[in-house]
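Please read the structure below before turning to the comments.
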Amino acid sequence: MPPLSDAALDQLFRNARTHRWWEDRKIPEDILRAIADLAKLGPTSANSSPGRFVFVVSPEAKEKLKPHLDEGNVRQTMSAPATVIVAQDMEFYEKLGFLAPHSKDARSWFAGKPDAIERTAFQGSSLQGAYLIVAARSFGLDCGPMGGFDREGVDRTFFPDGKTKSNFLINLGYGLPEKLHPRQPRFGFEEFCRIE
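Residue numbering for the sequence shown is 1 to 196, as defined by UniProt numbering.
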């Protein structure tokens, strides 16, 4: 498989930024579906796919989300065309018969093991949220991931059965580049990596 072009790498990484200001422009539903279809292809432990996405787009859904946002995140979230609640299904292992058919009893790796469930659900949903960001950027969207919200409030409102827990939020839309600050510093290779 050949490497991606520099233009593609620019779009996905080098020129991509965290946006907080948005054009007043809707995202078509077929684009949201296409983004999810790409994000689901990324690897998770045992193909467990614990991530669950709620695309909050209607004014009514936005109003349900609003009281659970930290004050500094209200404007950017309410003005974004879509906000994704990236959540984790805490009973993901019940689907492993379908998702991991090559494993004889993958369910037994997790059932009744709360530490393994918590770790795998959090890791997998975090990965799937990251895949969603890359997928959204590949469709020309900008992203604003954030963690400033009341998780218990979001869970009560959007996941009342208690089987799904929120992880983080991602605002999606068409960002206003003139509102961006200069890119903040990043570590050099030796500051966060080593090769052994």
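Note that the Cβ used here is the ideal one computed from N, Cα and C, for glycine as well.
Pull up the CB-CB distance for residue i and residue j, whole angstroms please, since I reckon it's below 8 Å.
i, j, result
"A82", "I27", "5 Å"
"I170", "V84", "4 Å"
"V86", "G42", "Contact doesn't hold; Cβ gap of about 13 Å is too wide."
"A39", "M90", "Going by Cβ atoms, the distance from A39 to M90 rounds to 20 Å, so no, they are not a contact pair."
"T157", "K64", "5 Å"
If you count every other CB in all the chains shown that lies within 10 Å of the CB of residue i, and 16 or more means buried, which is it?
i, result
"C143", "buried"
"S125", "buried"
"Q88", "buried"
"I133", "buried"
"G173", "buried"
"S45", "buried"
"M1", "exposed"
"D161", "exposed"
"F110", "buried"
"A135", "buried"
"Q184", "exposed"
"H102", "exposed"
"L32", "buried"
"G51", "buried"
"K66", "exposed"
"D155", "buried"
"I35", "buried"
"A7", "exposed"
With the cut-off set at 9 Å, would you say residue i and residue j are in Cβ contact?
i, j, result
"L127", "H19", "no"
"S48", "A106", "yes"
"D70", "F149", "yes"
"R137", "A16", "yes"
"I147", "F168", "In the sequence as displayed, the identity of residue 147 is Gly instead of Ile. Against a cut-off of 9 Å, the Cβ pair of F168 and G147 comes out as a contact."
"G140", "Q11", "yes"
Just curious, the beta strand (DSSP E) that residue i is in, first and last residue?
i, result
"R52", "51-56"
"Q164", "Inspection of the sequence shows that residue 164 is occupied by Thr rather than by Gln. Unbroken beta strand (DSSP E) run through T164: 164-173."
"residue 202", "There is simply no residue 202 to check, as the chain begins at 1 and stops at 196 in what is shown."
"D142", "142-146"
Tell me the residue span of the alpha helix (DSSP H) that contains residue i.
i, result
"K113", "First-last for K113: undefined, no H or E at that position."
"S79", "74-79"
"G97", "96-99"
"D37", "29-39"
"P59", "59-65"
"T18", "Note, T18: premise wrong, no alpha helix (DSSP H); not H, not E."
"F189", "189-192"
"R71", "For the sequence presented, residue 71 should be read as Glu rather than Arg. Neither: E71 is in no alpha helix (DSSP H) and is coded neither H nor E."
"A8", "6-9"
"D155", "151-158"
Can you determine whether any heavy atom of the ligand SAM sits closer than 8 Å to the C-beta of residue i, and answer yes or no?
i, result
"R20", "The ligand content of the structure shown is nil, which means the ligand SAM is not present either."
Exercise for review: Taking 8 Å as the threshold, find out whether the stretch 4-21 comes into contact with the stretch 48-62 through three or more Cβ pairs.
Suggested key: Too few Cβ pairs lie closer than 8 Å, so no.
Check your understanding: Is the number of C-beta pairs between the stretch 178-194 and the stretch 91-98 that are closer than 8 Å three or more?
Key -> Using a Cβ-Cβ distance cut-off of 8 Å, the stretch 178-194 and the stretch 91-98 are not in contact, since fewer than three pairs of beta carbons, one from each stretch, lie closer than that value.
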